[in-house]
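Data first, discussion second: the structure below is written as structure tokens.
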Amino acid sequence: MSGISVKRIWFVFWLLLVVTTVEVALGIIKPDVMMVNVMGTSLLNLTFIILTLVKAYYIVMYFMHFKYERSGMRWAIALPALILIPYLVFILLVEGGYIYQVIS
């Protein structure tokens, strides 16, 4: 491995470690400030979604070597995910909110 790729792997490792540590800390602490309702869910849940997407991006791009694929291949794999993941998140938030209202 070249020096640049080893540096990149360590950078991604430390970034994922920091993001995971932040996620775990927020999950344990659950700050009251982040319990504000935004877009049908708490700000804490939106933060978890964003941090999870950041982690998924770095894992797929660097550890699965997706960054080094041709552009057409990247779009063929990424475009359905870019469309379906936000749709899935939307459905989960809307239906979860409805079920929460019905139960409580």
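With our numbering applied, the sequence shown covers 1 to 104.
All residues carry an ideal CB built from backbone N, CA and C; glycine is no exception.
On the DSSP bridge assignment, give the partners of Ser42 in chain order. Locating residue 42 in the sequence shown gives position 42, where the first residue counts as 1. Answer is Asn37.
At the level of alpha carbons, what is the spacing between Ile77 and Ile85? As a first step, residue 77 must be located in the sequence shown, where it is residue number 77. As a first step, residue 85 must be located in the sequence shown, where it is residue number 85. Roughly 13 Å separates the two Cα atoms.
Between Val19 and Lys55, which are expected to be in contact by the criterion C-beta below 8 Å, what is the C-beta distance as a whole number of angstroms? On the sequence shown, residue 19 is found 19 positions in, with the first residue counted as 1. On the sequence shown, residue 55 is found 55 positions in, with the first residue counted as 1. Right, the Cβ-Cβ distance comes to about 5 Å (below 8 Å), so this counts as a contact.
So what does DSSP say about Ser71, is it helix, strand or coil? Within the sequence shown, the letter at position 71 stands for residue 71. Looking at Ser71 - three-state DSSP - the assignment turns out to be helix.
Taking 6 Å as the limit between beta carbons, can you name the residues of its chain near Met64, skipping five residues before and five after? Translated into positions along the sequence shown, residue 64 becomes position 64. Counting only Cβ-Cβ distances below 6 Å, and skipping sequence neighbours, we find nothing.
Spatial distance of Asp32 from Leu43 (CA atoms): Numbered from 1 along the sequence shown, position 32 holds the residue referred to as residue 32. Numbered from 1 along the sequence shown, position 43 holds the residue referred to as residue 43. Whole-angstrom Cα-Cα distance: 10 Å.
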